[in-house]
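Before any comments, here is the structure.
Protein chains: 2
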Amino acid sequence: MKTRVSFSNASCDYYFDTSARRLEELVPRAKTVLVTDEHVFAHHQALFGDWNTIVLKPGEQYKVQETVNAIIDQLLDFEADRSWWIVGVGGGVITDLTGYVAGIYMRGLQFGFIPTSILAMVDASIGGKNGIDVGIYKNMVGLIRQPSFLLYDIDLLKSLPESEWINGMAEVIKHACIKDAPMFKLLEENTLAKLKRDKALLAQLIRRNALLKTKVVQADEFEQGERKLLNFGHTLGHAIENMYDLPHGHAVSIGMTVACHLSARLTGFTQTERVVDVLEKYGLPTYAVFDVDKAWDILKMDKKRAADAMNYILLNKIGQGIIQSIPLEGLQSLLIEFVTS
Amino acid sequence: MKTRVSFSNASCDYYFDTSARRLEELVPRAKTVLVTDEHVFAHHQALFGDWNTIVLKPGEQYKVQETVNAIIDQLLDFEADRSWWIVGVGGGVITDLTGYVAGIYMRGLQFGFIPTSILAMVDASIGGKNGIDVGIYKNMVGLIRQPSFLLYDIDLLKSLPESEWINGMAEVIKHACIKDAPMFKLLEENTLAKLKRDKALLAQLIRRNALLKTKVVQADEFEQGERKLLNFGHTLGHAIENMYDLPHGHAVSIGMTVACHLSARLTGFTQTERVVDVLEKYGLPTYAVFDVDKAWDILKMDKKRAADAMNYILLNKIGQGIIQSIPLEGLQSLLIEFVTS
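Protein sequence lines, in the order shown, are assigned to chains F and B. FYI, in the UniProt record's numbering the residues of the first sequence are 1 to 341. FYI, in the UniProt record's numbering the residues of the second sequence are 1 to 341.
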């Protein structure tokens with residue numbers, strides 16, 4: 001089931017409900033390198049078969065330049081040239097790394113993704129943002145460059161650990177908060193256990209989220225405005241994620257909780273409790289104690305800063321996110337107030 | 001004197017015959033970082049004044065990832081955000097590094113160049129190709145992304161060492177060979193000493209070369225065809241450049257000499273002697289002995305390889321370059337024949 005999506009200077013084919021084995025119809029096996037991590041490789045060995053494969057150590061701590069160097073060395077060993085393809089098979093760390101290397105190796109090869117986690121399916125693999133962390137700064141280096149295809153195989157989720165389901169749900173809840181009130185309701189009415197049992201419901205939810213994010217990206221590929229909404233929960237989230245080595249979804253969930261409180265103060269938002277309830281229902285942390293001063297030092301370097309203000313994402317109501325420019329000073333004192341109270 | 005040039009998804013303003021001091025009219029001083037090397041910094045201290053400046057060690061051996069890491073760390077120290085500018089002030093190494101970092105830092109900042117060498121003025125700063133070397137492989141990692149402006153100040157050439165004048169002339173002669181027979185004649189009729197004395201002639205020559213390269217790039221920004229012509233002399237040149245630590249122009253000059261001989265065999269080219277004479281007149285080496293086997297191992301990884309053949313640039317006649325696909329095996333034996341005979 002192919003859906004072709006157009007971006008400003010590229011198009012991407014989305015294959016929903018498709019077996020990962022169909023990869024061989026999309027790329028030439030002899031001129032393709034799959035990039036994955038040890039976990040995914042161990043769980044889906046049949047999928048990798050005799051494809052050229054680069055297997056990385058799993059985890060966000062490897063989303064760094066040293067790993068990029070290692071991938072490039074292996075591409076040279078394969079004698080990969082510009083006619084080759086790179087396909088990332090994995091979660092968000094793998095899609096971020098793969099997209100980035102595909103953008104810079106020989107000034108750019110074609111690439112595609114087979115996302116294997118909820119997070120990668122509904123978020124990381126979509127929209128062309130890629131990159132690596134630099135020290136404590138998340139995604140400080142990277143590109144915006146669209147993959148040629150995304151191949152969605154729900155069966156790959158069978159081996160996903162519970163913690164990764166929870167991690168991915170943070171982005172689903174984020175999408176509902178900023179853009180889709182009916183989906184928020186659907187999340188309130190269901191549970192993670194139900195989603196894991198009901199394959200049709202799950203496929204539908206993933207597709208709905210993939211297309212929601214796609215629509216936002218299409219409207220603003222290079223993040224001049226609208227696309228910033230997708231950073232709901234991420235400004236503070238990114239700051240504390242690497243500080244405390246938190247799962248991405250946990251960090252974003254804490255970030256969304258704080259953003260709800262900021263919204264209550266700045267936009268008159270009144271539904272914080274419903275958001276917190278849904279986050280907790282899907283196993284996510286909400287209220288947390290952290291070192292505000294240290295977080296602030298990282299947060300002020302966020303890519304959404306513009307001079308002395310931060311473009312912060314707030315909610316008017318569930319389903320309606322907005323971008324608000326908050327002076328750095330005011331933002332700092334509000335954060336101190338919420339986190340220490 | 002501003003000339004606006006359009007590329008596929010960006011435009012670049014060329015300021016010919018303009019004082020470098022006019023930079024302050026183009027970018028906001030408080031949100032700009034200049035990137036340069038110790039030589040350029042020492043020779044043009046007044047130009048840098050109180051601008052935020054990153055000063056790098058000079059030389060091709062620093063066109064590597066470690067330097068990119070160092071630049072990124074310094075941009076973080078400046079708290080540079082997406083609203084900042086990066087301006088490369090220097091030769092080809094500086095423009096390659098600066099363009100690359102500007103492309104990946106925070107997924108892309110605006111950038112411009114003030115080229116300070118002949119090579120950078122007529123070649124490296126034009127067309128958006130940037131990148132770094134990986135081990136023995138030249139420019140193996142990089143992007144194609146256009147600068148917003150190029151500022152040409154001929155007076156900056158005053159401090160350019162003789163060896164760098166010679167280096168740059170290799171690219172001028174290359175342009176003449178592939179595209180501009182009248183310019184080739186002009187080069188035959190003049191000398192480097194004359195060019196250095198006659199500022200008007202020099203300015204005219206630089207402009208002619210900058211616009212020649214620009215036209216080729218505009219026709220084929222992402223190097224599907226025509227733009228490959230600019231690699232005349234570079235396929236072999238790049239292979240031997242890092243092997244023997246040669247100046248870029250020397251390596252390309254040797255590469256052009258070999259390409260003329262290949263052309264004689266494959267296209268019936270009859271003007272090798274005239275090309276060799278001009279190269280030598282401008283101080284460039286032509287015939288050289290090198291380790292063909294070792295060069296071949298590097299050459300076969302060239303970005304212009306497509307499967308089992310190499311897109312090699314040959315001449316039909318002076319002023320008319322062509323792209324010819326040569327099977328790797330045949331190319332290897334021809335190279336062995338020419339270099340060892």
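Each residue gets a CB set at the ideal place from its N, CA and C atoms; glycine is no exception.
Closer than 6 Å to a non-hydrogen atom of the ligand FAD - does that hold for the CB of residue i?
i	result
Lys174 (chain B)	In terms of ligand content, the structure shown is empty, and the ligand FAD therefore cannot be addressed.
Using C-beta distances below 8 Å, list every residue in its chain close to residue i, excluding the 5 sequence neighbours before and after it, in chain order.
i	result
Val292 (chain F)	Leu335, Ile336, Val339, Thr340
residue 366 (chain F)	Nothing about residue 366 (chain F) can be read from this structure; chain F reaches only from 1 to 341.
Pro28 (chain B)	Trp85
Ala264 (chain F)	Thr270, Thr272
Tyr312 (chain F)	Thr235, Ala259, Leu262, Lys304, Ile323, Gln324, Ser325, Ile326, Leu331
Determine the DSSP secondary structure at residue i, reduced to helix, strand or coil.
i	result
Lys57 (chain F)	coil
residue 342 (chain F)	Here chain F covers residues 1 to 341 and nothing more, so residue 342 (chain F) does not appear.
Leu192 (chain F)	helix
Thr235 (chain B)	helix
Asp37 (chain F)	strand
Met140 (chain B)	strand
Val275 (chain F)	helix
Asn209 (chain F)	helix
Gly108 (chain B)	coil
Lys300 (chain F)	coil
Leu266 (chain F)	helix
Looking at the strands, I want to know which residues DSSP matches up with residue i.
i	result
Cys12 (chain B)	B:Val5
Arg305 (chain B)	B:Met310
Gly90 (chain B)	B:Pro115
Leu76 (chain F)	None; Leu76 (chain F) has no bridge partner.
Leu150 (chain F)	F:Tyr14, F:Phe113
Asn52 (chain B)	B:Val33
Trp84 (chain B)	Per DSSP, none; premise fails for Trp84 (chain B).
Pro327 (chain F)	F:Ala309
Val134 (chain B)	B:Tyr137
Going by alpha carbons, who is nearest to residue i out of the options?
i	options	result
Ser125 (chain F)	F:Ala80, F:Glu226, F:Tyr100	F:Tyr100
Asp297 (chain F)	B:Glu60, B:Glu79, B:Val33, B:Gln61	B:Glu79
Arg22 (chain B)	B:Thr36, B:Ala193, B:Val87	B:Val87
Glu280 (chain B)	B:Leu205, B:Ser333, B:Leu192, B:Leu262	B:Leu192
Phe41 (chain B)	B:Thr98, B:Gly90, B:Ala176	B:Gly90
Val33 (chain B)	B:Tyr14, B:His43, B:Ala102	B:Ala102
Leu75 (chain B)	B:Gly108, B:Lys63, B:Val64	B:Gly108
Ser163 (chain B)	B:Gly283, B:Gln332, B:Leu331	B:Gly283
Leu266 (chain F)	F:Lys303, F:Leu314, F:Tyr14	F:Leu314
Thr116 (chain F)	F:Ser19, F:Lys303, F:Ala251	F:Ser19
Leu229 (chain B)	B:Tyr244, B:Lys213, B:Asn242	B:Lys213
Glu188 (chain F)	F:His250, F:Tyr14, F:Ala70, F:Asp277	F:Asp277
Ala70 (chain B)	B:Ser83, B:His43, B:Thr98	B:Thr98
Lys215 (chain F)	F:Tyr137, F:Glu25, F:Gly127	F:Gly127
Lys294 (chain B)	B:Gln45, B:Ile136, B:Asp81	B:Ile136
Whole angstroms are fine: how far does the CA of residue j sit from the CA of residue i?
i	j	result
Val172 (chain F)	Leu246 (chain F)	18 Å
Gln110 (chain F)	Leu186 (chain F)	37 Å
Pro58 (chain F)	His39 (chain F)	7 Å
Leu47 (chain B)	Asp50 (chain F)	58 Å
Gln61 (chain B)	Ala200 (chain F)	56 Å
Asp198 (chain F)	Asp155 (chain F)	12 Å
Ile322 (chain F)	Phe269 (chain F)	11 Å
Glu273 (chain B)	Ala10 (chain B)	41 Å
Lys179 (chain B)	Val217 (chain B)	13 Å
Ile94 (chain F)	Val35 (chain F)	7 Å
residue 348 (chain F)	Cys177 (chain B)	This structure cannot settle anything about residue 348 (chain F), because the visible part of chain F is limited to 1 through 341.
Asn52 (chain F)	Asp37 (chain F)	14 Å
Thr3 (chain B)	Leu150 (chain B)	10 Å
Met106 (chain B)	Gln65 (chain F)	14 Å
residue 343 (chain B)	Ser253 (chain B)	With chain B represented from 1 up to 341, any question about residue 343 (chain B) goes unanswered, as that position is not in the structure.
His175 (chain B)	Asn209 (chain B)	7 Å
Closer than 8 Å by beta-carbon distance: list the chain D residues that pair up with residue i, in chain order.
i	result
Tyr105 (chain F)	The structure shown contains no chain D; its protein chains are F and B.
Within the same chain, show all residues whose beta-carbon is closer than 7 Å to that of residue i, passing over the 5 residues directly before and after it, in chain order.
i	result
Ala309 (chain F)	Ser325, Ile326, Pro327, Leu328
Leu299 (chain F)	Thr235, Leu236, Ala239
Ala181 (chain F)	Ile318, Gly319
Tyr287 (chain B)	Thr257
Ser8 (chain B)	Glu221
Thr67 (chain B)	Leu56, Leu97
Apart from the five residues on each side of it in sequence, which residues of its chain come closer than 6 Å, Cβ to Cβ, to residue i?
i	result
Arg305 (chain B)	none
Phe16 (chain F)	Met1, Tyr152, Arg207
Gly92 (chain B)	Leu119, Ala120, Ala124
Pro147 (chain F)	Cys12, Phe111, Gly112, Phe113
Val141 (chain F)	Gly131, Ile132, Val134
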